[in-house]
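Just so we're aligned, residue 642 is where the sequence shown starts under this note's numbering, counting upward by one. Each residue gets a CB set at the ideal place from its N, CA and C atoms; glycine is no exception. Model, not experiment: these values are computed from the prediction. Just below is one structure, and these are the notes that go with it.
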Amino acid sequence: MLWENIIGQKEIKSKLQESIKNNRISHAQLFVGAEGSGALALAIAYAREVLCGSDNHQCALKVDKLQHPDLHFAFPYSATDSVKKPLAKYLLNDWRNFISENVYGNLTDWMTHLGIEKKQGVIPVDEADEIVKTLALNSYEGGYKIMIIWQPETMTIAAANKLLKIIEEPPQKTLFILVTEREDLLLQTIISRCQIVKIPNLSIQDVNEYLIQKKHIQQDKAQHIAFLSQGNIREAIHELSNDEHLYDKYFVIWVRKAFMAAKTPIVLKDLIDWSNQIASWSRNNQKDFLNYCSEIFRQALLKTYQSNDLTFLKIESEGFKWDGFSPYINGGNIEDILNEINEASYHIDRNGNSKIILLDLSIKLTRFLHRKVTA
């Protein structure tokens, strides 16, 4: 991964390069960046320069192919049809293909790539044992050994505890780079052992320029997508290929049925069916959908209060009209709606029963949509 191929992040790239130049390489670093910010791409580019410098082209070629013997990866996974008892080393070909195609992808994309999108990916204690064994060996080329752990927030408690000592006191010339989207889900004991590198969201301008220059999107459409993505390049790329607008359709069905159910209780059966359908998706897709719903409600609130210049979302579902929907989203219900969506996402993430969680959320929405602003 070349520095120049990373979208935006000029300040972070400069700081990381400077730390290498000044030989101030902390043995354990935690790259904290939201989905689509490029944290993994930055980690790989950083590892490339640590291992190869700026002029070792043969070394750099190995890193670019993710085949350097001193560059190691750990990441969440689950059993697949071909690998019943997996470890990261058995999934490296899949990982290399995934990174080459989608270095800005998230856990949902990775699990989908493995063909197990309905399973929950974790980094188990067996993987932690493998990390310890791998780093106990001498480096092949006499320099650093680098372990990039992607999505360390998915480590089990046992796995995290197993790694505490080696992260705090690693073998000589060993570098840990943990790449997380959710620092709050990591054990504090892990965080305290790392130097934290905060990676900001990309600017809307960065995303806009990427879409125009690399994807050859016309300016108006690029600007629209860049705004919707809010600095998330993965979301911007996803929006480009989102022809079916599946989330749009399920959102519109949801709010229509929830609105009707308040006065027509028989419609609750439709909400049960809706909840069951969403619950059949992978947990990561369920959470993505709920995040999408939150954004629509926020946009509706902006339109309610005449901030039309900030309303860019376009709902691709027949019969949906912002002017008819937005008046039902106001200061009297928006906080409760967003809180309940966040709460539902939280419990889904922790393996709660999705059918019950989503139906409960739907029933609450039937009340919220009819709530007026109190004087």
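Query                                                                                            : Result
Which of helix, strand or coil DSSP assigns to I970                                              : coil
Cα-Cα separation, C934 to N697                                                                   : 48 Å
L1010 versus L912: straight-line alpha-carbon distance, rounded                                  : 15 Å
Buried or exposed by the 16-neighbour rule on C-beta atoms within 10 Å, applied to D722          : exposed
G674 (DSSP reduced to helix, strand or coil)                                                     : strand
Nearest to G993 (by Cα), restricted to the options N974, K928, G960 and G965                     : K928
Buried or exposed (CB count within 10 angstroms, at least 16 for buried), P906                   : exposed
Backbone CA spacing between F716 and L733 [nearest angstrom]                                     : 10 Å
Minimum length 3: unbroken beta strand (DSSP E) runs contained in the segment 791-837            : 815-821
Per DSSP, the bridge partner or partners of H713                                                 : M788
Beta-carbon proximity of T1007 to A941, cut-off 8 Å                                              : no
Contact belief for S833 with W915 at Cβ below 8 Å, rounded distance in angstroms                 : Not quite, the Cβ-Cβ distance comes to about 44 Å (not below 8 Å), so this is no contact.
Residue closest to Y987, alpha-carbon to alpha-carbon, out of N932, Y946, A863 and T749          : N932
C-alpha gap between E880 and H713, whole angstroms                                               : 32 Å
Proximity below 8 Å, CB of N974 to CB of T945                                                    : no
Sequence-distant residues of its chain with Cβ nearer than 8 Å to N738 (five each side left out) : H754
Status (buried if at least 16 other CB within 10 Å, exposed otherwise) for I858                  : buried
Option nearest K654 by Cα separation, candidates K890, D977, F938 and V838                       : V838
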